Structure formats: C-alpha cells, structure tokens
Amino acid sequence: MAFASAVILLFLSGLATYLTIVRLLESQKWVVHSHEVQAALGNVDSTTLDAGRARSGYVVTGDADFLSKFDAAVPRINQALQHVRDLTQDNSTQQNLCTRLEELTARRVDLLRESISLRKSAPLDEAGQTDISRRVLPVAGDITSTMQQMRDEEQRLLDIRARVSNHLFLLAVIVLVITFILALMLFSVHYQLLTTELDAREQAERAVRESEKSLRSLTARLLQLQDEERRRFSRELHDSLGQYLAAVKMNLDMFSNSQPADRLLSEAMHLLEQSIVETRTISHLLHPPLLDEAGFASAARWYVEGFAQRSGIEVTVDFPDDVGRLPRPIELGLFRVLQESLTNIHRHSGSSRAEVALELFRDKVILEIKDYGRGIPRELLDNFREKGTNSGVGLAGMRERLRELGGQLDIRNANGTLVSVTLPLVEEIDSAVPRPPLEVQLGK
101 MAFASAVILL FLSGLATYLT IVRLLESQKW VVHSHEVQAA LGNVDSTTLD
151 AGRARSGYVV TGDADFLSKF DAAVPRINQA LQHVRDLTQD NSTQQNLCTR
201 LEELTARRVD LLRESISLRK SAPLDEAGQT DISRRVLPVA GDITSTMQQM
251 RDEEQRLLDI RARVSNHLFL LAVIVLVITF ILALMLFSVH YQLLTTELDA
301 REQAERAVRE SEKSLRSLTA RLLQLQDEER RRFSRELHDS LGQYLAAVKM
351 NLDMFSNSQP ADRLLSEAMH LLEQSIVETR TISHLLHPPL LDEAGFASAA
401 RWYVEGFAQR SGIEVTVDFP DDVGRLPRPI ELGLFRVLQE SLTNIHRHSG
451 SSRAEVALEL FRDKVILEIK DYGRGIPREL LDNFREKGTN SGVGLAGMRE
501 RLRELGGQLD IRNANGTLVS VTLPLVEEID SAVPRPPLEV QLGK
C-alpha cells in the first residue's frame, strides 16, 4: 500500500506538472496574441498615416503619384481594421472599440478624400484646406484614444492572465513539492517494511538452516551410535556368546569321543555347530572385524563372497590392486552403502548378477554398484532426486551418511539400477598398511 500510494502521488505530481506546463503555454499564447493585436493596431495607425501623408503631398504639389499612393493605402487600412477585428473577436469590449475605430477611420478617410477633391476643383482654396485639416484633428485624436483603449484592454487581459498563470504555477510547484515529499516518505516507509520483511524471512531461513543442520547432526550422531552399537554387539557376540558356544561344542566333542554317540547327541552337536556359524555370521555382518583390521577392500571382498553364497546372485568385484587403507569414516561409509545396495538388489531387483567397482583418485574415491534387474520405480526415483522424501529408510540413511562425509549419492536406472557414490579424500591414503592374507580376510 505504501509503494502504491507513493507511485500514485508521483503520478499526481507529474499530472500537476503537465497541467502547469499547459497553462504556461496558454499564457505564452495569450502574450503572443496581445502582441499581435498591438501590432495590428500599429499597422492600422501606420496605413492611416501613409494615407494622410499621400493626401498632404498631393494637396501641396498636385503630383499624381501621391494620389496613387493614397488610393493604394485606403484598401490596406480596411484590411488592417479587418485583421484587428478577427484577432479580437473573442472579446466583446474589443469588438465595440473596433467598431468605433472603424467608424472614426472611415470619417478620417472621408475627410482626406474631401481634401483631395477640393484640391482638384479649387487648387488655390487654402481656406478650405485649412478648414478640412481643422476637422481632421479631433477625428485623429479620437482614433488615437480608441486605439490606446484597445491597447490598454489587451494589457489588462494580459496582466490578469499572467497573474492567473503565476498563481497556477505557484500552486503546481507547492503541490509538486508536497507530493514529492510525501512520496519520499512513503517510499521510506515501504523500504522499512520491506527491510523488516526481508529480515524476518532471513531469520526464518536461518532458523530452518539451523534446524536442518541440527537434524543432520542428529542423524549423523545416530548413525555413528548405530555403528558403535553394531561394533559393540558384534564384539559381544564374538567374545561372550561365541566363546560359550565354542566351549559347549568342545565338551560335547569330548563327550562324544568317550561315550557311544546316539542320534540325539549327534543332532545336538549339529545344531550347536549351526548356532556357532550363525553367531559368527551375524557378528561379521553387524561389523566385520576385517573392516578395522584390514580396511574396506578386504572387508568388501569378504562380504560380497558371503552375500553371493547366501543369495545365489553372481557378484563380480573390480577393485584396484593398491587400494591400501582409507580414512576410517570413509571406509565405514563405503561399506554401509555396499551392504544396503546389495540388500536392495536381493530384495527388490530380481537380478541374477551384480557388479561392484571401486575407482581411486588422489582427491576422491568412487564406488559403483550395478544390477540388471527391474530398476527403481520412476516416482520413487523422482522423490529421491528432487525432494529427498518418501524414498525409503535405507536410501535416506545412505544419503545422510554420505552428506555428513561431504560426499554425493547418485541413483539412476540404466538397464537395471546403478548406485554411484563419490567421497572426497580429506586425508592421505595410507598405502603403507598392507592387506592381510586371504586366510585372515575370510575369517579362517
């Protein structure tokens, strides 16, 4: 509203300026008109004087040239009087004066003609010429007085129009200044309101960013705690329950060697052995010891081999020979993405084979997991790329884990599904740490 009001006021000030300019132009037009009237009156006076001088020259000399000049001046007098009437036709007072001027001028012209006629009929009648000149003088005075009245009337009108124009100009200037000041005030109010709104929006955005940052920090902390819990649970399974089961198996072995083994004992030993294998498998799946001991490459190969055996999916691994050790957070992030991706392939893709490839650069590492199954539904993939919502807990967990590490996760359908992970290497690769032998990698 403040901005619109300021714009309206500026428009009104522009309109006032326009009207003022129009009035000034009209005033200038009337000034020119008054000068034209005065010039026309001067033309009447000039042509009348020309006629008088031609009459005087003819009376004195009798030269026919003066008579021709007189005959030529009389029509110009009528034309000048008509021009004055045309210029003053919008003013009744001037029209009345113009009528009087025409009558007086016609009387003077008649007296001049009478003088010329007397010169023709009685060239030596000086008394007659003197009498005519005596009668011309009051008529000439009346003509001069009438013309002065017309000039005064034009000047009076000009003064009135000038005063009106000046008043309008002053009023327009005052209105323009007031509207300009009000417009500046409204623009200032609009700027303050806009600044307040922008500050509020910036604070809201800052609060949202802080909330997102807090949420990401919480998510990263939860993932870290999850990894720690898996590591602790894996160690507990291996160190406590696994040891107890192994001791029980040893006792049963000793018992079976010293006593005749019956069917129930054999079955108990078989179940116990299966429990030990399952406990070791769960412990390694939760947090494989190879990940801490030998690094990502060895742990990934061990996990892929076990996954292929359990799922029946053929998985090929393409890793560089000199991977060495990566920073611990990156190794853990890559391994969790590998776990989640292979689990999704087993559950959802329907593919009979998969490929795992690792590319190592000086400043980054790229892990790609590809299958040849049915792919991810378009809606789920669009939500993952555009909104990051409704994309499943596993994908959301991978995204947050990699985002915390400064990496990127890209998923696309390419004759199946391709999961690509890019992580920056913020630490130097420890290539001096060799991979353990294959027996250690396989947990033998």
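The opening residue of the sequence shown carries number 101 in the working numbering; numbering runs sequentially from there. Virtual Cβ for every residue (Gly too), placed ideally from N, Cα, C. These figures come from a predicted structure and were not determined experimentally.
Quick one: what does DSSP say residue i is sitting in, helix, strand or coil?
| i | result |
| --- | --- |
| proline 524 | strand |
| glutamine 508 | strand |
| leucine 467 | strand |
| aspartate 418 | strand |
| arginine 474 | coil |
| leucine 426 | coil |
| asparagine 515 | coil |
| leucine 315 | helix |
| leucine 257 | helix |
| glycine 433 | helix |
| alanine 222 | coil |
| asparagine 490 | Here the model assigns asparagine 490 a pLDDT of 46, short of 50, so the residue's position is not dependable, and the following value carries that caveat. Looking at asparagine 490 - three-state DSSP - the assignment turns out to be coil, as it is neither helix nor strand. |
| glycine 450 | coil |
Hey, quick one: how far does the alpha helix (DSSP H) through residue i stretch, first residue to last?
| i | result |
| --- | --- |
| aspartate 190 | Where aspartate 190 is concerned, there is no enclosing alpha helix (DSSP H), given that its DSSP letter is neither H nor E. |
| valine 137 | 102 to 161 |
| glycine 406 | 396 to 411 |
Could you pull the start and end residues of the beta strand (DSSP E) that residue i belongs to?
| i | result |
| --- | --- |
| leucine 458 | 453 to 460 |
Using only the alpha-carbon positions, how far apart do residue i and residue j sit?
| i | j | result |
| --- | --- | --- |
| valine 277 | asparagine 266 | 16 Å |
| glutamine 303 | leucine 293 | 15 Å |
| leucine 224 | threonine 148 | 25 Å |
| alanine 222 | serine 215 | 10 Å |
| leucine 115 | isoleucine 260 | 24 Å |
| asparagine 515 | glycine 506 | 29 Å |
| arginine 234 | leucine 211 | 10 Å |
| serine 441 | glutamine 409 | 17 Å |
| leucine 110 | alanine 300 | 29 Å |
| serine 192 | serine 105 | 47 Å |
| isoleucine 511 | leucine 481 | 8 Å |
| asparagine 513 | serine 520 | 11 Å |
| leucine 258 | glutamine 249 | 14 Å |
| proline 175 | arginine 251 | 23 Å |
| serine 79 | alanine 454 | This structure does not reach residue 79, given that the chain is present from 101 up to 544, and the question cannot be answered. |
| arginine 219 | valine 132 | 44 Å |
Using the Cβ count rule (16 or more neighbours within 10 Å means buried), how would you classify residue i?
| i | result |
| --- | --- |
| asparagine 444 | buried |
| lysine 544 | Unreliable positioning characterises lysine 544 in this predicted model, as indicated by a pLDDT of 33, which lies under 50. A coordinate reading is not provided. |
| aspartate 471 | buried |
| glutamate 431 | buried |
| glutamate 500 | buried |
| valine 404 | buried |
| glutamate 551 | Nothing can be reported for residue 551, as the shown portion of the chain is limited to 101 through 544. |
| asparagine 490 | Residue confidence is low: asparagine 490 scores 46 on pLDDT, short of 50, so the model does not pin down where it sits. Its coordinate-derived value is still stated next. So asparagine 490 ends up on the exposed side. |
| leucine 315 | exposed |
| phenylalanine 435 | buried |
| threonine 120 | buried |
Determine, for residue i, whether the minimum Cβ-Cβ distance to residues of chain C falls below 8 Å.
| i | result |
| --- | --- |
| glutamate 297 | The question asks about chain C, but that chain is absent: this structure has only one protein chain. |
Tell me whether the stretch 156 to 169 and the stretch 192 to 199 touch, counting them as touching only if at least three CB pairs, one residue from each stretch, are closer than 8 Å. no
Measuring CB atoms only, is the stretch 161 to 181 touching the stretch 139 to 148, in the sense that at least three cross pairs come out at less than 8 Å? yes
The stretch 201 to 213 in contact with the stretch 232 to 252 per 3-pair CB rule at 8 Å: yes
Taking contact to mean at least 3 C-beta pairs separated by less than 8 Å, is the stretch 407 to 426 in contact with the stretch 457 to 477? yes
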